[in-house]
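Residue 182 in the numbering used here sits at position 176 of the sequence shown; the count goes up by one each step and never skips.
For glycine and all other residues, C-beta sits at the position ideal for the given N, C-alpha and C.
Presented below is the structure to which this report refers.
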Amino acid sequence: WIGVFAIYLYLEFFQKNIFQQEIDGLEMKLQSARKTLERNLNRLDEMEKFNRSLQQEVSRITQFFEMSEGFTKVMYIDQLLPVLTSVVKKGFDIESLRLIILEDGKADLVFIQPQTNIVDFKKDINSPFIDGEKILKEEEAGFYDGETLEPLFLKLGYKTQKYRTYVIPLISEGRVSSFVMFEDLREEKTDFAHTLAGFLSLTLRKIKLYQQIQELAITDELTQVFVRRHFLRVFHNEFARVKKKKGQACFLMLDLDRFKNCNDTFGHLVGDVILRDIAGIIKQNVREVDIVGRYGGEEFCVFLPDASPENGIYVAERIRRAVEKNVFHAYDEMVRMTVSIGVSAFPYDGDEPTDLIEKADLALYYAKRKGRNRVVSYSSIK
7 WIGVFAIYLY
17 LEFFQKNIFQ
27 QEIDGLEMKL
37 QSARKTLERN
47 LNRLDEMEKF
57 NRSLQQEVSR
67 ITQFFEMSEG
77 FTKVMYIDQL
87 LPVLTSVVKK
97 GFDIESLRLI
107 ILEDGKADLV
117 FIQPQTNIVD
127 FKKDINSPFI
137 DGEKILKEEE
147 AGFYDGETLE
157 PLFLKLGYKT
167 QKYRTYVIPL
177 ISEGRVSSFV
187 MFEDLREEKT
197 DFAHTLAGFL
207 SLTLRKIKLY
217 QQIQELAITD
227 ELTQVFVRRH
237 FLRVFHNEFA
247 RVKKKKGQAC
257 FLMLDLDRFK
267 NCNDTFGHLV
277 GDVILRDIAG
287 IIKQNVREVD
297 IVGRYGGEEF
307 CVFLPDASPE
317 NGIYVAERIR
327 RAVEKNVFHA
337 YDEMVRMTVS
347 IGVSAFPYDG
357 DEPTDLIEKA
367 DLALYYAKRK
377 GRNRVVSYSS
387 IK
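Pasting the structure below:
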């Protein structure tokens, strides 16, 4: 029995030892599996972080591209507003954006409130706020509280700030030329705010340069007649010549009838074609020595040197009839248009260029009041 019992104890020990080895092996495999799982989870977490970072970068690049594409097309300040509004709505969760453009002691103000879709533009505001450094001493961007900015906004007619505002000064030619202000901007969005500020700085500079180029131009791009500034210069010179030799001259002020209704009905592209074609009709019905200009919007003016009052009325009536019988073809539209014309004469209606302009304008106003599509001379109403 002793031998049998010894064999039993040996077998029991051997079996427990085998079981323990199996358990130890399973625990090692379990630990290895846990480590593998942890590594995979860490890799998955890293991949998710990378994907989020990649998505943010793609979003940032997309916003940058859209911003660049939008600002590239801007040539005038009124074209800037819809582009800037779109960028603010898509790229920022802010209370408002204010752009203050300083020029010659005045300020142009842009206010955008994306939550309420409010977009406001005020031009040439007279203000004691002339030099940006007087209110914001630093030329570096930073956060400012309402108390610091309150004097500025009171002077410019704005309400007191509620939120902390991130202010970026735009420097041009060594001085602060503009400020862009982000009300209630999050810290993590400051880099994107600086990107927008960079685009704004370049765009405002481009607008100013384009305006200077336009001022140097002598011909209106659309109608190919003199721009107002150059027309007035040539008109004054020719008037002085006529006056010196004691001659006669006539001045015509022409305006398209109900042109706004035409634009509202057919669109501005059709309106542009009509303006261009009417300018062509005017040039076809005057002499080479006569001076034609676009006075503004849908108004044209013509100076007829060495022309009697009767000649002036005859030319004006010829232009009126030519416009009346013409059918304007523009973008598959067929449009009719009429014009009203006021006529003044030198020396009978005035002794200076400004007299002729004023009297022709009064005659034009009378033509409009009497039903449009007619020629009226100042001599017939004075």
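- When secondary structure is reduced to three states using DSSP, Glu358 falls in the coil class, being assigned neither helix nor strand.
- Arg300 is bridged by DSSP to Val233 and Phe306.
- Between Ala147 and Ala199, the C-beta spacing is below 9 Å.
- With respect to the C-alpha of Lys252, the residue from Arg324, Leu206, Val116 and Ser314 having the closest C-alpha is Ser314.
- Pairing Leu228 with Leu155 gives a Cβ-Cβ distance that is not under 9 Å.
- An exposed status is given to Thr42, since fewer than 16 other beta-carbon atoms sit within 10 Å of its beta-carbon.
- DSSP, read as helix, strand or coil, puts Thr154 in helix.
- The secondary-structure analysis by DSSP pairs Ile174 across a beta bridge with Val186.
- DSSP, read as helix, strand or coil, puts Lys212 in helix.
- A distance of 9 Å or more separates the beta carbons of Ile219 and Leu86.
- Just measuring C-alpha positions, the residue of Asn379, Glu358, Ser350 and Lys374 sitting nearest Lys388 is Ser350.
- In this structure, Leu105 sits near Ser184, with a CB-CB distance shorter than 9 Å.
- Boundaries for Gln254: no alpha helix (DSSP H) harbours it, and the DSSP string shows neither H nor E there.
- Here the alpha carbons of Gln230 and Glu316 stand approximately 28 Å from one another.
- In this structure, the CA atom of Thr209 is about 14 Å from the CA atom of Pro88.
- Inter-segment contact for the stretch 256-272 and the stretch 290-306 is present: three or more beta-carbon pairs are separated by less than 8 Å.
- When Phe265, Phe241 and Lys266 are compared, the shortest CA-CA separation from Ala255 is found for Phe241.
- Per DSSP, Gln119 lies in no alpha helix (DSSP H) segment; the continuous beta strand (DSSP E) that holds it begins and ends at Lys112 to Gln119.
- In this structure, Tyr150 and Thr171 form a Cβ contact; the two beta carbons are roughly 5 Å apart against a cut-off of 8 Å.
- Apart from sequence neighbours up to five positions away, the residues of its chain that approach Leu362 with a beta-carbon distance below 7 Å are Phe257, Ser350, Phe352, Asp355 and Gly356, ordered along the chain.
- Inclusion of Arg342 and Glu330 in the CB contact set at 9 Å is warranted, their separation being smaller than that value.
- Under DSSP, His335 takes part in a beta bridge, and its partners are Met340.
- Partner residues in a beta bridge of Ser207, as assigned by DSSP, do not exist.
- As computed with DSSP, Gly348 is found in a beta bridge with Met259 and Val382.
- When the five nearest sequence neighbours on each side are left out, the beta carbons in the same chain lying within less than 6 Å of the beta carbon of Tyr372 are those of Val382 and Ile387, in order along the chain.
- By the beta-carbon neighbour count (other beta carbons within 10 angstroms, threshold 16), Met340 is exposed.
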